[in-house]
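Asks:
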């Protein structure tokens, strides 16, 4: 969890820093695309207060995490949760062309998609197994998460499958 918060903070600060100067963070830009809602400005101020004084090129860690107080954060922030959901959505939809030496953004996208794809594969496999069992009239066959406390009779289940291999 703490890794997610640090990663999100670094990503937010990096994006903000690439689009504006440090003094303009949280202020409304000429196109109106920088946040100006109270919650957003509050979050930006919190992030700015936790940034160190070093320049990113001299000491990136000190620049981003210099005054970090993450362990003191106790309350949940809806804006932060929305930012995490939005970031996850962007990472999910991103498409990266394979390259011999991908940059950090490409690596982040690939890692995120690899993790989420693995979770989807498990769900797809489970649904596929349940579908096959239904096709053989074995919908009651226990599958790990939905197993019941009933006594299971494997021989009866196999007989329903017309298997004579079991004695």
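Residue numbers (mature numbering (1 follows the signal peptide of the UniProt record, and there is no 0)): -18 to -1, 1 to 149.
All C-beta atoms in this analysis are idealised placements derived from N, C-alpha and C, irrespective of residue type, glycine included.
1) When you compare only the Cα positions, how much space is there between residue 100 and residue 41?
2) Over the uninterrupted alpha helix (DSSP H) stretch that includes residue 47, give me the two end residues.
3) Is the segment 22 to 40 in contact with the segment 81 to 95, if contact means three or more CB pairs nearer than 8 angstroms?
4) Along the chain, where does the alpha helix (DSSP H) that runs through residue 83 open and close?
5) Using beta-carbon positions only, say whether residue 21 and residue 59 come within less than 9 angstroms of one another.
6) State the Cα-Cα distance for the pair residue 63 and residue 117, rounded to the nearest angstrom.
7) Would you mind reading off the limits of the alpha helix (DSSP H) that contains residue 71?
8) Could you pull out every residue in the same chain whose Cβ sits closer than 8 angstroms to the Cβ of residue 89, ignoring the five residues on either side in sequence?
9) Could you name the residues of the same chain whose beta carbon sits closer than 8 angstroms to that of residue 103, not counting the 5 residues immediately before and after it, in chain order?
10) Could you check if residue 45 is buried or exposed, using at least 16 other CB atoms within 10 Å of its CB as the buried criterion?
11) Flag this pair as yes or no: are the beta carbons of residue 70 and residue 91 separated by less than 9 angstroms?
12) Any heavy atom of the ligand FAD inside 8 angstroms of the beta-carbon of residue 62?
13) Locate the alpha helix (DSSP H) running through residue 24, then write down its first and last residues.
Replies: So, to answer that:
1) Counted from its first residue, the chain shown places residue 100 at position 118. Counted from its first residue, the chain shown places residue 41 at position 59. So the two alpha carbons sit approximately 36 angstroms from each other.
2) The residue you call residue 47 lines up with position 65 of the chain shown. Unbroken alpha helix (DSSP H) run through residue 47: 42 to 47.
3) no
4) By 1-based counting over the chain shown, the position of residue 83 is 101. That residue, residue 83, is in no alpha helix (DSSP H); it is neither H nor E in DSSP.
5) As a working mapping, residue 21 is identified with position 39 in the chain shown. As a working mapping, residue 59 is identified with position 77 in the chain shown. Contact flag set, yes.
6) If you number the chain shown from 1, residue 63 lands on position 81. If you number the chain shown from 1, residue 117 lands on position 135. Between residue 63 and residue 117, the C-alpha separation is close to 42 angstroms.
7) Residue 71 sits at position 89 when you count from the first residue of the chain shown. Where residue 71 is concerned, the enclosing alpha helix (DSSP H) stretches over 60 to 75.
8) The count along the chain shown starts at 1 and reaches residue 89 at position 107. So no residue of the chain qualifies.
9) For the purposes of this step, residue 103 is taken as residue 121 along the chain shown, with counting starting at 1. Same-chain partners within the cutoff: there are none.
10) Numbered from its first residue, the chain shown carries residue 45 at position 63. Residue 45 should be labelled buried.
11) Mapped onto the chain shown, residue 70 falls at position 88. Mapped onto the chain shown, residue 91 falls at position 109. Contact flag unset, no.
12) The ligand FAD is not part of this structure, which contains no ligands at all.
13) Indexing the chain shown from 1 puts residue 24 at position 42. Where residue 24 is concerned, the enclosing alpha helix (DSSP H) stretches over 20 to 32.
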